[in-house]
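Right, one structure below, let's go through it.
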């Protein structure tokens, strides 16, 4: 088990361009999360998948953001028409529902994709 | 007002010192409380988790939760330079999603 992987690790783009990030969760983890972390802040929840179903989206996830998890394996997060305010670290986490420890399951985080919008 | 408040620091201590990190929160529905450690340019990693009120000890680390005061703490004994990192408190309520609500993070530097 190599943990959660994210690609690319860094992305520099110009304002108005579209970008797509990929997350590969720990194998057999059926829960997948996306968080956004800006400089000097803690991660903020963006969206959650259980298997292939997207079950919750934060109001932070504007219409320019879309996430998918086809076949319940890897996930992609796309940002259209990027803005400078989108510059942040995008973190992916996965967990396995069913291994509840007193009602919650540990989320394992990937190294993140750092996005810079010029 | 944020649901979870955490002093960002930075906090600088000499090696061997006892470190105290704290968070306050406003949502009384939170039941699960975690501390994550994040090294520069890395993802957060779970240090400790506590359910409801009480104390939990793991080696040099002790986590405390006081639900009546909506206050959680992490104590690090005999701090080491390798403990230098950002410490994030996080919490969640029992739900179908398990989404975490994080504090801002406290940056800790332990000087040799």
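Residue numbers (the numbering used here), protein chains in the order written: chain A, 8 to 125; chain B, 178 to 289.
Built from N, CA and C at the ideal position, the CB exists for glycine as well.
Just so you know, these numbers come straight off a predicted model, no measurement behind them.
Item, Value
"If you draw a straight line from the alpha carbon of residue 353 (chain B) to that of residue 221 (chain B), how long is it in whole angstroms?", "Absent from the model: residue 353 (chain B). The displayed extent of chain B is 178 to 289, so no value can be given."
"Under 8 Å, Cβ to Cβ, is there at least one residue of chain A near residue 223 (chain B)?", "yes"
"Does chain B have any CB closer than 8 Å to the CB of residue 112 (chain A)?", "yes"
"Taking beta-carbon pairs under 9 Å, can you tell me which members of the stretch 218-243 of chain B lie near chain A?", "218, 219, 220, 221, 222, 223, 226, 228 and 229"
"Taking its Cβ as the centre, do 16 or more other Cβ atoms sit within 10 Å of residue 50 (chain A), making it buried, or is it exposed?", "buried"
"I need the straight-line Cα distance from residue 218 (chain B) to residue 119 (chain A), nearest angstrom please.", "8 Å"
"Under 8 Å between C-beta atoms, does residue 50 (chain A) make it to chain B?", "yes"
"Does any residue of chain A have a CB that is nearer than 8 Å to the CB of residue 193 (chain B)?", "no"
"Any contact of the stretch 198-212 of chain B with the stretch 247-260 of chain B, i.e. 3+ C-beta pairs under 8 Å?", "yes"
"With H, G and I counted as helix, E and B as strand and the rest as coil, what does DSSP make of residue 259 (chain B)?", "helix"
"Could you tell me which of B:258, B:205 and B:242 sits nearest to residue 151 (chain B), measuring between CA atoms?", "This structure cannot speak to residue 151 (chain B), because chain B is shown only from 178 to 289."
"Can you grab the Cα-Cα spacing for the pair residue 122 (chain A) / residue 88 (chain A), in whole Å?", "13 Å"
"Could you name the residues of the same chain whose beta carbon sits closer than 8 Å to that of residue 81 (chain A), not counting the 5 residues immediately before and after it, in chain order?", "29, 30, 31 and 32"
"In this structure, what does DSSP give as the bridge partners for residue 210 (chain B)?", "B:227 and B:268"
"Could you tell me the boundaries of the beta strand (DSSP E) in which residue 64 (chain A) lies?", "60-64"
"Name the chain A residues whose beta carbon is nearer than 8 Å to that of residue 185 (chain B)?", "47"
"Using only the alpha-carbon positions, how far apart do residue 203 (chain B) and residue 67 (chain A) sit?", "20 Å"
"Could you tell me the alpha carbon to alpha carbon distance between residue 190 (chain B) and residue 242 (chain B), rounded to whole angstroms?", "24 Å"
"When we look at the beta-carbon of residue 19 (chain A) and count the other beta-carbons within 10 Å, is it buried (16 or more) or exposed?", "exposed"
"Does DSSP put residue 57 (chain A) in a helix, a strand or coil?", "strand"
"Can you check whether the C-beta of residue 201 (chain B) is within less than 8 Å of a C-beta belonging to chain A?", "no"
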